[in-house]
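Residue 127 is where the sequence shown ends in our numbering, and the numbering goes up by one at each step.
Here is the structure we will look at.
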Amino acid sequence: MVSPLSTDKNTCAPDILDVLVGLPPSAQVLFIQIKMKHNYINNVCSYELSESVQDKTSTAYKLYSRYSSKLVKAGLLVRLKADHRRQLGLPKKDNITYFLINPYLVRCKEYALADSIWKQYS
């Protein structure tokens, strides 16, 4: 469920669509790829790096890094640190990055847990 940033009915707050429109098309595509692995219970996404992106000196990795940073700066998602990954019971795997989608923009079933983790990054 898409939700606005504010619950105050007298103010107009941006929603996920407003944030996505302000991003470059390549960052939008990356967000869609990440969202395809979205867990609707806790807003966690596991994104597996393709072979072309696995080499950290490659142009593909630099572009992935640039666009994922734009998504983080836009407030759409955060990269989960090891402590939070363990708290959520997510295994450490090579070439997989775990992201948390902003629970204010996309509601999940375990909103309180996602919100508490999200607040630690802001």
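Glycine residues also receive a C-beta, built at the ideal position from the N, C-alpha and C atoms.
Since this is a predicted model, take the numbers as computed values, not measurements.
Cβ atoms of L81 and V26: under 7 Å apart, would you say?
no
Should D111 go down as buried or exposed, given a rule of 16 or more other Cβ atoms within 10 Å for buried?
Residue identity differs from the one stated: residue 111 is Val in this sequence, not Asp. Buried, since its Cβ has 16 or more Cβ neighbours within 10 Å.
DSSP state of L82, grouped into three classes?
strand
Taking the straight line between their C-alpha atoms, what separation do you get for K61 and L118?
32 Å
According to DSSP, H43 sits in a beta bridge with which residue or residues?
C50
Can you tell me the Cα-Cα spacing of L93 and F104, whole angstroms?
12 Å
Which same chain residues end up closer than 7 Å to S57 when comparing Cβ atoms and leaving out the 5 residues on each side of it in sequence?
S63 and A65
Once the 5 residues before and after L95 are set aside, which same chain residues still bring their CB inside 6 Å of it?
Y103
Whole angstroms are fine: how far does the CA of R91 sit from the CA of E115?
17 Å
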